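In this note's numbering, each residue's number is its place in the sequence shown (first place is 1) plus 235.
Here a beta-carbon is modelled for each residue, glycine too, at the ideal position from N, C-alpha and C.
Quick caveat, the model's predicted, so the values are computed rather than measured.
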Amino acid sequence: MDFLIVLLLALLVGVSGAIYFRIFRLIYVQNGGKVAANQFTSSDGYLAIGCLAIFVLQLFQNMEPKGSAVLPAAIDTNLLVILQLGFWFVVIGTILFSFAVRRMHPVDLFGLDRLGLIKVFFCGVGLLITALPLIFASSAVFSSLMHVDPQKDSQPIMQLFERVSEPTRKIPIILLAIVIAPLAEEFFFRGFLYGVLKRYAGGLPALAFTSVAFALIHLHVPSLLPLFVLACVLTLAYELSGSLLVPMAMHSLFNAITLVGVFFASK
Numbered sequence: 236m237d238f239l240i241v242l243l244l245a246l247l248v249g250v251s252g253a254i255y256f257r258i259f260r261l262i263y264v265q266n267g268g269k270v271a272a273n274q275f276t277s278s279d280g281y282l283a284i285g286c287l288a289i290f291v292l293q294l295f296q297n298m299e300p301k302g303s304a305v306l307p308a309a310i311d312t313n314l315l316v317i318l319q320l321g322f323w324f325v326v327i328g329t330i331l332f333s334f335a336v337r338r339m340h341p342v343d344l345f346g347l348d349r350l351g352l353i354k355v356f357f358c359g360v361g362l363l364i365t366a367l368p369l370i371f372a373s374s375a376v377f378s379s380l381m382h383v384d385p386q387k388d389s390q391p392i393m394q395l396f397e398r399v400s401e402p403t404r405k406i407p408i409i410l411l412a413i414v415i416a417p418l419a420e421e422f423f424f425r426g427f428l429y430g431v432l433k434r435y436a437g438g439l440p441a442l443a444f445t446s447v448a449f450a451l452i453h454l455h456v457p458s459l460l461p462l463f464v465l466a467c468v469l470t471l472a473y474e475l476s477g478s479l480l481v482p483m484a485m486h487s488l489f490n491a492i493t494l495v496g497v498f499f500a501s502k
């Protein structure tokens, strides 16, 4: 029975990898990607460098000696949401202001009107389900190499969600994980940063750099590889669909699945 389970899991990982490798070839070998980056200018390049500098400063400020950030259990979760909203308001607000000054329209730039909401939902669900075996396998492999337990050594925000018992304190964490983080992070990493890098460095370097940056910014060493794989998957979904709403939906759903897993694991 164990052999059959291992065989089934290996088959799922193989199918997942094969599908995404085919998508990768379509986008970066056959130039079938739908993300247009020609509207970005050198001003966006300088703005991206400035934003990355802010992220790097934040990373070093929050880094602990063991390589991960720690959130105290007694933290005010409402304040946590407000701080995150304030941070992203500054970053994304600056980018949007720059767009407005130059009459660049985010709806057109990020393909927000390319697909209807129903298509966005089903496309996001399908692409995420297809990617889950690959993401979970990368997590298992990296955890084994790092000699860590992925359940006990989860990301700080997930550990906080597990430790907090009051429902009223859990709600802000859910809001942060399922709404704020997916929308803000996809806007910056996939929409803005990837587009700028694709314009000046090419698609593959943009894919690699933004995925590494996305993994590092979460300040959690055991999750580096699965977060890198997730970031690559989200970028491929963006290129395949041409709509930033698709990776946003996938990111939100992935975080929701993770929260549900943490909730039941703590019972």
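Please say whether residue 247 and residue 368 have beta carbons closer to each other than 7 Å? Translated into the one-based positions of the sequence shown, residue 368 becomes position 133. Translated into the one-based positions of the sequence shown, residue 247 becomes position 12. Taking 7 Å as the cut-off, the beta carbon of residue 368 is found closer than this to the beta carbon of residue 247.
Give me, in chain order, the residues of the same chain whose beta-carbon lies closer than 7 Å to that of residue 303; leave out the 5 immediate sequence neighbours on both sides. Residue mapping note: residue 303 aligns to position 68 of the sequence shown, counting from 1. A caution first: residue 303 carries a pLDDT of 49, below 50, which makes its placement in the model unreliable, though a value can still be read off. Setting aside the 5 residues that flank it on each side, residue 303 is surrounded in the same chain by 391, 454, 455, 456, each with a C-beta closer than 7 Å to its C-beta; the list follows chain order.
Where do the ends of the alpha helix (DSSP H) carrying residue 421 lie? Residue 421 sits at position 186 when you count from the first residue of the sequence shown. Unbroken run through residue 421: none, as it is neither H nor E.
Can you find the residues in the same chain that come closer than 6 Å, C-beta to C-beta, to residue 428, ignoring five residues on each side of it along the sequence? To locate residue 428, count along the sequence shown from 1; it is residue 193. Excluding residues within five positions, the ones whose Cβ falls inside 6 Å are 283, 445.
How should residue 433 be labelled, buried or exposed, when 16 other C-beta atoms within 10 angstroms of its C-beta is the threshold for buried? As a position in the sequence shown, residue 433 is number 198, starting the count at 1. With a 10 Å radius around the Cβ and a threshold of 16 neighbouring Cβ atoms, residue 433 comes out buried.
Range of the contiguous alpha helix (DSSP H) that encloses residue 379: Here residue 379 refers to the residue found at position 144 when the sequence shown is read from its first residue. Counting along the chain, the alpha helix (DSSP H) containing residue 379 begins and ends at 352 to 381.
Just the Cα atoms here: how many angstroms apart are residue 311 and residue 382? As a first step, residue 311 is located in the sequence shown; it is residue number 76 there, counting from the start. As a first step, residue 382 is located in the sequence shown; it is residue number 147 there, counting from the start. Distance between the alpha carbons of residue 311 and residue 382: 32 Å.
Going by beta carbon distance, what residues of the same chain come within less than 6 Å of residue 468, once the five residues before and after it are set aside? Indexing the sequence shown from 1 puts residue 468 at position 233. A distance below 6 Å between beta-carbons, with the five flanking residues on each side excluded, links residue 468 to the following residues of its chain, in chain order: 366.
In angstroms, rounded to a whole number, what distance separates the CA positions of residue 278 and residue 296? Within the sequence shown, the letter at position 43 stands for residue 278. Within the sequence shown, the letter at position 61 stands for residue 296. Cα to Cα, the separation comes out at about 27 Å.
Between the CA atoms of residue 393 and residue 465 - distance to the nearest angstrom: Counting from 1 along the sequence shown, the entry for residue 465 is found at position 230. Counting from 1 along the sequence shown, the entry for residue 393 is found at position 158. Using only the alpha carbons, I get a separation of about 17 Å.
Within 10 angstroms of the Cβ of residue 262, are there 16 or more other Cβ atoms? Answer buried if so, exposed if not. To locate residue 262, count along the sequence shown from 1; it is residue 27. Result: buried.
Could you compute how far the alpha carbon of residue 241 sits from the alpha carbon of residue 379? Translated into positions along the sequence shown, residue 241 becomes position 6. Translated into positions along the sequence shown, residue 379 becomes position 144. Spanning the alpha carbons of residue 241 and residue 379 requires a straight line of approximately 16 Å.
Option in 361, 323, 287, 341 with minimal Cα separation from residue 272: Here residue 272 refers to the residue found at position 37 of the sequence shown. Taking the Cα of residue 272 as reference, the smallest distance to any Cα among 361, 323, 287, 341 is reached at 341.
For residue 239, three-class secondary structure by DSSP: Here residue 239 refers to the residue found at position 4 when the sequence shown is read from its first residue. Secondary structure at residue 239: helix, using DSSP grouped into helix, strand and coil.
Starting from residue 486, trace the alpha helix (DSSP H) in both directions and tell me its first and last residue. As a working mapping, residue 486 is identified with position 251 in the sequence shown. Per DSSP, the continuous alpha helix (DSSP H) segment holding residue 486 begins and ends at 480 to 500.
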